[in-house]
Structure formats: structure tokens, C-alpha cells
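Some notes on the structure that comes next.
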Amino acid sequence: MGAPKKSGGGGRVSVTEDSDELVRVPLQAILLADSFNTKFRPITLECPKVLLPLVNVPMINYTLTWLESAGVEDVFVFCCAHSKQVIDYLDKSGWLSQPNFSVTTIESHNSVSAGDALRLIYERNVIHGDFVLISGDTVSNMSLTQALAEHKERKKRDSNAVMTMVIKRSKTNPAIHQSRLGTDELFMAINPDTKQLLYYEERTDLSKGVMHLDKSFLADNPSLTLHHDKQDCYIDICSPEVLSLFTDNFDYQHLRRHFVKGLLVDDIMGYKIFVHEIHSNYASRIDNFRSYDTVSRDIIHRWTYPMVPDVMNYGNTATKLERQGMYRASEISQSQTAVIGPFTVLGFGTKIGNNTIISDSVIGKGCKIGSNVQIKGCYIWDHVTIEDGCKLNHAIVCNEVTLKSGAVLEPGVILSFKVVVGPEFVVPPYSYVSLLQQPVEEDSDEELEYADSTSVITSKVDKSDEEDASEVPEARISSVSELGMGGVGYIWQKCEGSQEEEWRHSVAPIPADKISEAMKTMEDDLELTHDGSILPPSGELIPDSNDSDEDNEDSRDDFFEREVEATFLRAVNENIQEDHLILEVNSLKLSCNKLTADCAGAVFYAMMKYAVDTPHSSLDGLMQNVKAVLSKWKKALTSYLTDIDEQIEIILKFEEICLESAKEFAPLFSKILLYMYTEDIIEEDAILSWEDEKRDADEADKVFVNKAQDLIQWLKVAEEEDE
Amino acid sequence: MPDVQALVNDFVNQLKKRKIEGSQATAKQTAEVLRSVISQQRVPHTNQAAALINAVRAVGEQLIAANPVELAVGNIVRRILHIIREEDLSLATAAMAGLGLSVASDDEDDMERSDQPILSAAAVAAAARSTLRPPSLQTLLEDMPDSAAVPHTSSSGGDSEGKSRSVDKGSRGRKLKHDVIEAVNELIQDISTCYEQIAEQAIEHIHQNEVILTLGSSKTVLEFLCAAKEKKRSFKVFVAEGAPRYQGHLLAKDLAARGLQTTVITDSAVFAMISRVNMVIVGAHAVMANGGVIAPVGLNMVALAAQRHAVPFVVLAGSHKLCPLYPHNPEVLLNELRSPSELLDFGEFSDCMDSASGAGSLHIVNPTFDYVPPKLVSLFITDTGGHNPSYMYRLIADYYSADDLVVKGRPTTGS
Numbered sequence: 002m003g004a005p006k007k008s009g010g011g012g013r014v015s016v017t018e019d020s021d022e023l024v025r026v027p028l029q030a031i032l033l034a035d036s037f038n039t040k041f042r043p044i045t046l047e048c049p050k051v052l053l054p055l056v057n058v059p060m061i062n063y064t065l066t067w068l069e070s071a072g073v074e075d076v077f078v079f080c081c082a083h084s085k086q087v088i089d090y091l092d093k094s095g096w097l098s099q100p101n102f103s104v105t106t107i108e109s110h111n112s113v114s115a116g117d118a119l120r121l122i123y124e125r126n127v128i129h130g131d132f133v134l135i136s137g138d139t140v141s142n143m144s145l146t147q148a149l150a151e152h153k154e155r156k157k158r159d160s161n162a163v164m165t166m167v168i169k170r171s172k173t174n175p176a177i178h179q180s181r182l183g184t185d186e187l188f189m190a191i192n193p194d195t196k197q198l199l200y201y202e203e204r205t206d207l208s209k210g211v212m213h214l215d216k217s218f219l220a221d222n223p224s225l226t227l228h229h230d231k232q233d234c235y236i237d238i239c240s241p242e243v244l245s246l247f248t249d250n251f252d253y254q255h256l257r258r259h260f261v262k263g264l265l266v267d268d269i270m271g272y273k274i275f276v277h278e279i280h281s282n283y284a285s286r287i288d289n290f291r292s293y294d295t296v297s298r299d300i301i302h303r304w305t306y307p308m309v310p311d312v313m314n315y316g317n318t319a320t321k322l323e324r325q326g327m328y329r330a331s332e333i334s335q336s337q338t339a340v341i342g343p344f345t346v347l348g349f350g351t352k353i354g355n356n357t358i359i360s361d362s363v364i365g366k367g368c369k370i371g372s373n374v375q376i377k378g379c380y381i382w383d384h385v386t387i388e389d390g391c392k393l394n395h396a397i398v399c400n401e402v403t404l405k406s407g408a409v410l411e412p413g414v415i416l417s418f419k420v421v422v423g424p425e426f427v428v429p430p431y432s433y434v435s436l437l438q439q440p441v442e443e444d445s446d447e448e449l450e451y452a453d454s455t456s457v458i459t460s461k462v463d464k465s466d467e468e469d470a471s472e473v474p475e476a477r478i479s480s481v482s483e484l485g486m487g488g489v490g491y492i493w494q495k496c497e498g499s500q501e502e503e504w505r506h507s508v509a510p511i512p513a514d515k516i517s518e519a520m521k522t523m524e525d526d527l528e529l530t531h532d533g534s535i536l537p538p539s540g541e542l543i544p545d546s547n548d549s550d551e552d553n554e555d556s557r558d559d560f561f562e563r564e565v566e567a568t569f570l571r572a573v574n575e576n577i578q579e580d581h582l583i584l585e586v587n588s589l590k591l592s593c594n595k596l597t598a599d600c601a602g603a604v605f606y607a608m609m610k611y612a613v614d615t616p617h618s619s620l621d622g623l624m625q626n627v628k629a630v631l632s633k634w635k636k637a638l639t640s641y642l643t644d645i646d647e648q649i650e651i652i653l654k655f656e657e658i659c660l661e662s663a664k665e666f667a668p669l670f671s672k673i674l675l676y677m678y679t680e681d682i683i684e685e686d687a688i689l690s691w692e693d694e695k696r697d698a699d700e701a702d703k704v705f706v707n708k709a710q711d712l713i714q715w716l717k718v719a720e721e722e723d724e
Numbered sequence: 002m003p004d005v006q007a008l009v010n011d012f013v014n015q016l017k018k019r020k021i022e023g024s025q026a027t028a029k030q031t032a033e034v035l036r037s038v039i040s041q042q043r044v045p046h047t048n049q050a051a052a053l054i055n056a057v058r059a060v061g062e063q064l065i066a067a068n069p070v071e072l073a074v075g076n077i078v079r080r081i082l083h084i085i086r087e088e089d090l091s092l093a094t095a096a097m098a099g100l101g102l103s104v105a106s107d108d109e110d111d112m113e114r115s116d117q118p119i120l121s122a123a124a125v126a127a128a129a130r131s132t133l134r135p136p137s138l139q140t141l142l143e144d145m146p147d148s149a150a151v152p153h154t155s156s157s158g159g160d161s162e163g164k165s166r167s168v169d170k171g172s173r174g175r176k177l178k179h180d181v182i183e184a185v186n187e188l189i190q191d192i193s194t195c196y197e198q199i200a201e202q203a204i205e206h207i208h209q210n211e212v213i214l215t216l217g218s219s220k221t222v223l224e225f226l227c228a229a230k231e232k233k234r235s236f237k238v239f240v241a242e243g244a245p246r247y248q249g250h251l252l253a254k255d256l257a258a259r260g261l262q263t264t265v266i267t268d269s270a271v272f273a274m275i276s277r278v279n280m281v282i283v284g285a286h287a288v289m290a291n292g293g294v295i296a297p298v299g300l301n302m303v304a305l306a307a308q309r310h311a312v313p314f315v316v317l318a319g320s321h322k323l324c325p326l327y328p329h330n331p332e333v334l335l336n337e338l339r340s341p342s343e344l345l346d347f348g349e350f351s352d353c354m355d356s357a358s359g360a361g362s363l364h365i366v367n368p369t370f371d372y373v374p375p376k377l378v379s380l381f382i383t384d385t386g387g388h389n390p391s392y393m394y395r396l397i398a399d400y401y402s403a404d405d406l407v408v409k410g411r412p413t414t415g416s
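So, in C-alpha cells, the structure goes:
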């Protein structure tokens, strides 16, 4: 009796089991304690990225704290480079022995990408339900409840909804909102109803906002929103299938570039990715030095509350928030003449000398700062010694660095651990200085790493550890001169490609000229789209912009005519075939949303202009020119003159030319008209109806009609004779 | 012991992450954590009270450091230290008094005797209180319910305690511990019923057809107003919304659901409305020893408006909110700045906040609390009755012992 019942109610039973399971399985998370890139070099040669202090607290603490407060119970920390340091830290700071929050480390030495890491975790078979995939450098205070509920709800309805990505609106300034975090430009297409992600593209070049969408997108999705103003928070809620997908596709390396794009492109399996947008909460990933700077500032401005310095006191050094956003730990000795500006964080036991000015900076614990030092927008880590009269400007200074008196750090400088800068030495902008020599064999940029070789990177990971041991003493001896008297460290050579982009990723603020440049390109883009030479006509889509703005319309006309003229001149000068000219003009016509009549007018205008511009001595000479041009490019013109209306348009245009731009034609009006008639450019009907149109006009308008009276009479007579 | 440590760590974590909100919940949890600390603490044969005090202190220090702004934590830690001291004192006097008696005592006597010390514990404590300090109205009044309540609550424990006591001489330590735990239980009870005790007094303060103004949301205020409503008083309530968290909206909703005529106004309209108001009733975050109030942001303005129009400004506060500390620079030191996202959306104005990029320097300050100086407060209503601000220090002296004002025990922990 039991058996048939079971099979009969199978569906129901499984549903309840399912929901039970969802309740019971603790929320798990995979934290990748390795960024698998080299953006934080040279610092990451010596210290794992997740342990870099962010406002004096190692980054991984922010991520773990958030995971804990978001209700995650089980975290797997995947350590790769410097895994020992990470594990030691986690152990020491007590994360491994938290009640109700289990942190498990997974160590690997040969994983070279996020893909490898996830494959390894899949092999371990530790993930049993939905999990949060996050990198150890993410700062957030969002609540996962809603996103998780949405994800589960979708999963129930559609088992192919494997992933929910968290996105956030970026800052408002459109020119720099993407570069705020130093990340690449991100374009997304989202279905506004289902929140399904349809398109995801990151690009480094600022290529004029051109985006290629497959036609089928538009066919398949009744509505679609394109976004350029969102930032990816790199917090993903994944179903367990994601891990197996990585295993199935062994070439997936990068989470976004391969996995997300792979899923979006692959329509056989039909896996779907959705987005969850957060509004008032904060979430951001530290991907490079610029985002390090930006996120630090956001923390100091308390957007990440409760993850702010005075609340997150790990260890026993309590930090107090004072007026104007000044955070001070205890036992700071500060000279009375020192000026500490707002939004500054001073670490435990730091000493500050006379007349020193510090603003917008973070100073770690145990630093000794001398007199007359200027520090602006810097991140100074622990136990740094800065002697008198140094100037630091938007730099990152790692642990135990020494700046001798009078040293100057220009914007964007990174000083790695234990570097010594000699007295009066000026470290050039955007330079990276490290005790370790720049690894030679992989000047390959990041792209390359992902694209093919795995061997290069494995060697790099191993090598970085070796370097620690072997090369340091050597460095001390050989590089004395490189950083001034008594300086220790190498200034790294920059690879050619990154020169351009260094300001994007640097800790220094975006230079003003770059911002204005960005603004300008943006304006240009706008102009272009407005003129319609790139995007399909805006005129048709936004009709009121045309109706309301007459000037606008005129300028568009002008633009079109100028373009046609230029095209024509090019055709003449470069002897381009007529067919090609027609093709070009046609494309202009399409892009500017013009009628054939407009083209005819514009082409005719261009010809006449050319005829006038060609040197001539007398009216006869001019006539010769006109004849020559018309006969040569007749085909180009006639291809637009299929209709009588267009022919009339030409006559009207000719009239206009004679009146305005080239008065020299005025005496020749009837002659040229006759010529065009005989050359079959204009038909007799056109001339007659032109005359017809002008009959009721003012006398002034009739000047040319009168001039052509002979011709018209002749035509009329001929017509009658025909009849 | 390890599980207590885990419990403490867990609570410290929650405090650190600002997961517990509201002083009542915090106070209650603090008391519960400390209760388990006490019950797990092994007491030596000699000087048990000191051992307990040290244990509580050590934990209390951690808890206070976890969220220095939440004063209720420190209050409860000090209250419990005070309880230990008092129980120890009463036990000591009782032991001395009972020494002669116990020589002749036999088993039949046991039951009776076991009751007696407990009765006397309270009496002695009260006596000690009144001898140690100049007599006050409060202590005189408090003696009555105290001596009535203590035997009642502890009689259940008295049975077993009496037996064990006769068996072992070392059980005096357990006796102390037991008494302390009983007293802490009572404290927890007090904290959870403080609403009711405050609300009972509502009828004396709210009169027919009055207009009451409040700001933000406070459970105490809600209960207080509802108690008056239940007693068939009809009155109107103005609720200032309490930007930026707008908890006033929730309060207004609750009040309206209970049939009170409620009007929501903006914070900035308080001054305009105050002339129509008969009384301002608000909750507090903490009451300082000088009678100053740490209250949700915006209340200082309300208090000033009330003073300008001579409207009584009444603060409701459970006794766990009484803090024995004097405020020093309270706007900064006893304040918490929350995320600017409560005021503005991230991204909306944050460009202006990037002072480094030179776009401008917009600062957003979002403090949680206001400090209302004692001269602006007309009356405090606590669970023990109504008090003048200038009387607060006396009340505090009843709840806390002067030795505990500084909880931080050894300077070595600072490193």
C-alpha cells in the first residue's frame, strides 16, 4: 500500500524534500584568496593581496566579516600564492576558530586561475548547495537575504538559472564613472523584466561606445536595457552546477571573461545568469591600485558602515572617530604644530613631528614621521620611517619603508616592503619600487596570461618564493644608486603597453587632463551619435528633437552637404569610380536619414562648387568647367534623379546657388539649364512644373524663371508640336 | 568554561558588528551572558566575591570595548558587580549573625534557618545601603518592596541551598553564587518588564484631551501611550518622523493601529507645532549621571523648542539606561556616525565627496545620537517612578557602587 502511494505522490514528496533541503543546507561561500593577476605587483610578490591593509585592516577581514554578517556559515578560503601567510594569518586572527562560522582553508600550489580553483574545489566535493562566490578583496555591507531569496525562487522555477550577479550603479559623472575603480569599461544588456543578463562585455580601449549586439537578442527579447553605468561587484550567488560547469569546460579560466561570457554565448545548455542590483548598500571589489584608493575613501567616508575603522578594531587598538572624519588610534604622539586634515586615519603609536601636514591619508601603526613633512592622499602602512622634509603625494608606502630626509614621492608611486629612498631623491611618477628585481620572463601582460600559457604563471608563483630568499641581498648591493644615496631597491621598468594606461590603475587621482579628455571624447561621442554618422538616425526615433530645434536641423543639413561635397572632391581627386561615389553618398544618405532629393541637391551642389572652384578666366571658361564636370559625373547625378521631384529639387538648388553661394552662375543660368536638358539630366516636365510652381511667386523669386523664359517657351512650343 | 568563552565571543562579535540594536535587548543579553559567566566561574574557598568580581570584570571589559557607544552594556556590567558586592556583604553579615545560632542548630532547624539568612540578606543589604550612604527617599521606599520580593523569589532555591549548606562548609561559595544568580535573574526580569512598570505610571502623566509630541520610535513610549489609551484617556499624538531613519513612521503606524489619533510631522515642523503641545514624551538611549540624556538625533532641538514654549519635556528610561558616568564631550565621544547612505544614495553625490579628485569636498555626517543637557529635561520616568534630573546621581548611587565606575581592571590589557 505504501509503494503506490509513494510513486503517486512522488512529485509532492520531492518538492517538500527540496524545500526542506534548502532550509537545512547551511549557506556556503567560496572565498578566493588570490586575485590570479599581477595588478598589485610588486607588493604581491612578497605579500598576498588579501592581506594588504585596507585602512589598516587586512582586506580579507572585510570580506570575512561581511560573509559572517550576511549569514554565511561555511567559508572555504582558497589560498594559492603565499598560501602559508594567508593560513597563518587566519589562524592568528582567530577566524579559524569562530563559533557558528566555520572557515576552512584549501591550499593549492598549481592553480593559476579562478577556474582551476573552482575545479579543485569541485573535486573536494565540499559544496552541497547554493554558495556565494567572492574574492578575498571585496568590501561590502549588503544584505544577502533578498538576493538569495530571489536566486532560490528563480532556481525553483527554472533549473537553468545558475548564477546571480550583484551589480551596483556606479558614480554619476559619466566620463569617469567606469574608471573610478580603474576597471575596464563594462557594457551590459539586461532584460528589465526578468533581470536576466544577456550581454556582458569588458573592454580596455575606449572605443567610442560601439557595441555589437547579435540581432537575435533583439528578436528574442521584447525589452532590453543596455547599461554602461553599472559596476560589477564580483559577488556571485551560484548554484552547485557552476562548479561542475567549470569542470566540464576545462578551458574556463577567468570568471567573467570565460565563464560568464561562455554561458551567455552558449545557447545549447541554456544556462542563465541573472543580476541583482543593490542601491543603498555598498559593495565593491579592489581590483587595482585605483580601486584600492577609491574603496579606502569610501570606507573612511563610512559608506561601508559598520565596516569602518572605529568599529572594525581587530587586535586591541581601538580607533576613535573624531570631528571631521579624523580617525585616531591610541598612543599617538603628535606635535602641536602638525596639521592633520580631515578624512585621515592615524594608526596606533604613530609619531608625527613639527609642522607636518597630513591630509586625506591613511597612516598605519608605529610610523615615525619627521618634521616639515607633507603627506597628501597617501597610504602609509606599518612601521614606516619618514624623515624630515619629505613630500609624499598619492603614493602607497608598504611596511618598514624608510624615506630619508627630503625624499619626494610623485603621484602614483608604489614603494614595496623595506625599500629605502635616499635623501633628496625624487621618485618619478607612477614608478614601482621593490627590493625584488622585476621578474623578467613574464613581461607578458595580463591578457596573455589568461589567453594561453599556464607554464609561465606556475613558474612565477614558485619563483616569487625563491626570489624572497635569493635575490634580496644581491639587490641591496647593486641598486644603491638607483634610489639615491643609501637607497635600497629597484625601480621597475614599465612595459610599453601599460604606459598609456598607468594612470587608470594608479593610486593617484585621475589627472585633470585625462578627465577633460574623457569628457571630450564623451562629448564627441554624443555629437557623433547626434549627427548620426555612427548610430542610426536619432531624428526618426526622437522626432521632437527635430521639430523643436530648427538650428539643429540646419546644422544637420549643412553637415550632410559638407560631407557629400568632401566625398565628391575626394572622388574627383582620387579618381574614384562613379559607382563607389554613389555608394558612399548612399551610405551618408542613410546615416543622416536623408531623402533621395536631398542627395541629388547635395551632389549637384558639390559639382557646381567644384566647377566654380576650378580655375577659369571668363564665363565661357566657367561654362566649360560645368560642362566637363556634368558630363564626367553625369551618372552619379542621374542615379538620384529617378523622379521628377528630384529634378525640380536640382533646379531649385541651382537657383539657390546662383542667388547665394556662387553668383557667377547667374548669367549662365539658362545656358546650364539647357545643357542639362540636352544631356538628359533634367526632363522637360521638370522644367515646366518648376515654372508652374514659380508662377505665383514674388517677382524677386521669378528672376531665374524669367531668365529661362526662352527655354521654357521653346519647350512649350516643342511640346505642342509633338501633340 | 570554553563554552562560556564562546558565548562571550559570540556576543562581542554581535556587539562589534552592531547587530544588536536597542538598549533593552543589549542590556538583557549582557545580563544573560554575565549570568552564565558567573555560573561557570569556579569559586575558591576564600574571597569568593573577589573571584566573581574579577571574572565579571574581565568579560565586562571585553563587552564594553566591543561597542563603547552602547552604554547599556557597561551599565549592566556595573549593576552585576554591584549585586555581587551587596550579596557578599549581606552574606558576610548574615554569617556573623548566624554564627552563634548555628552552633546550637540541628537538622530540624535547617529549613527555618535557610530561610532566615535569605530574608536577612535583603534586609542587611538594605541596611548596609542605608548605613553606607545618607538616607534618601529612594532607599527608604525601596526597602519595602525589596524585602517583600526577595524571599519570594529565592524561596524556591532556598530548599536545596539549605540542604547543601548543611552538608558542606565550602558551600558558602555556592551560596554566594546562587544568590548572585538569583539577583541577576531578577535584574533580567526587571529589564524585560521595565516597559510595564513605566507604562503603569502613564495615567498619572497623560490627561484627557492633551496633545503629546514624540520623535522617532521608542518601544517604551509606545507602551506608555498605549497604557494611557487603555485607561480610556483620549489624547492626540504628534509623531516627528525622526530623519534619517524615519522610525517615527513605524511608531505612528503602531499607534494608529491601536486606535490613537496620530499625526506625523517632519522634524523641522516641531517648532511650529510645539505651541499646541501639552507634553513632549520621548525615549532615551542613555541617561547620564548628571541627568543629561543621550537620545536619538533631533531630540535636542525638540527639547529646546519645548523649553521655549514651557512645554514639559519628559524622558522615559528603564533603569538599565541609567549610566553612572558623566558625559564628557558627548557629541563626539558617545556618538556613532552611521553610513551616509541613510541620507543620500551612493553615487548620487559621492562624486563631490572625492576630495582628492578636486571635484569638491562634500562631507556627510550622520550621527545617531543627540545630547540633551539636564536643564532641558523636566522629568524622568523610570521603572521606579518619576525623578528630577538633578536627582539622577542619587538614583545611580543606589544601583551602582562607586568602585565599579571604572570597569577597566588592569592597565596591562592595553599593551
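Sequence lines, in order, name chains P and W.
For the first sequence, counting from 1, position 590 maps to 591 in this note's numbering; every step adds exactly one.
For the second sequence, counting from 1, position 143 maps to 144 in this note's numbering; every step adds exactly one.
Glycine is no exception: its CB is placed at the ideal position from the N, C-alpha and C atoms.
Item                                                                                                                                 : Value
Contiguous beta strand (DSSP E) assignments of at least 3 residues, all confined to the region 254-281 of chain W                    : 262-266
Of the listed residues L300/W, A229/W, R395/W, L363/W, nearest to P343/P (C-alpha basis)                                             : L363/W
Uninterrupted beta strand (DSSP E) stretches inside the region 184-263 of chain W (no shorter than 3 residues)                       : 212-216, 237-241
Start-to-end residues for the alpha helix (DSSP H) that takes in H581/P                                                              : 579-593
6 angstroms CB neighbourhood of V87/P in its chain, flanking five on each side removed                                               : A34, P49, C80
Inter-residue Cα distance where the pair is G243/W and V303/W                                                                        : 11 angstroms
Proximal residues of chain W, C-beta to C-beta of Y380/P below 9 angstroms                                                           : Ordered by position in chain W, no residue passes the 9 angstroms Cβ test against Y380/P, which lies about 12 angstroms from the chain.
Contact set between the region 274-286 of chain P and chain W, restricted to residues whose Cβ is under 8 angstroms from the partner : H280, S281, N282, Y283
From A306/W, Q49/W, N367/W, R86/W, residue whose alpha carbon lies closest to that of P245/W                                         : N367/W
Residues from the region 394-405 of chain P in contact with chain W, defined by Cβ distance under 8 angstroms                        : H395
Separation of I77/W from L406/W, as counted between CA atoms                                                                         : 12 angstroms
CB contact flag (L377/W, P297/W, <8 angstroms)                                                                                       : no
Contact between the region 257-275 of chain P and the region 94-112 of chain P (3+ Cβ pairs under 8 angstroms)                       : no
Buried/exposed call for T1/P, threshold 16 Cβ in 10 Å                                                                                : Residue 1/P lies beyond the range of chain P shown here (2 to 724); nothing can be said about it.
S226/P, enclosing beta strand (DSSP E) - first and last residue                                                                      : The residue you asked about is not Ser; residue 226/P is Thr in the sequence shown. Start and end: 226-228.
Cut-off 8 angstroms between Cβ atoms - residues of its own chain near A794/P, not counting five sequence neighbours on either side   : This structure does not reach residue 794/P, given that chain P is present from 2 up to 724, and the question cannot be answered.
CB contact check: D371/W to chain P, cutoff 8 angstroms                                                                              : no
Where N10/W meets chain P, residues with beta-carbon distance less than 7 angstroms                                                  : P100
Reduced DSSP category for Q254/P - H, G, I as helix; E, B as strand; rest coil                                                       : coil
Coil, strand or helix - Q335/P by DSSP                                                                                               : strand
7 angstroms Cβ shell around S37/W - same chain, five flanking residues per side excluded                                             : V5, L8
C-beta neighbour in chain P for D346/W, strict 8 angstroms                                                                           : yes
Interfacial residues, the region 324-343 of chain W to chain P, with Cβ spacing under 8 angstroms                                    : V333, L334, L338, R339, S340, P341, S342, E343
Under 7 angstroms by beta carbon: chain W residues contacting L1/P                                                                   : Chain P is shown from 2 up to 724; residue 1/P falls before or after that span and cannot be answered.
Range of the contiguous alpha helix (DSSP H) that encloses D299/P                                                                    : 290-301
Coarse secondary structure for Q710/P, derived from DSSP in three states                                                             : helix
Residue environment, V385/P, which counts as buried when at least 16 other CB atoms sit within 10 Å                                  : buried
Beta-carbon contacts of R155/P that lie in its chain and below 7 angstroms, excluding the five residues immediately before and after : A162, F275
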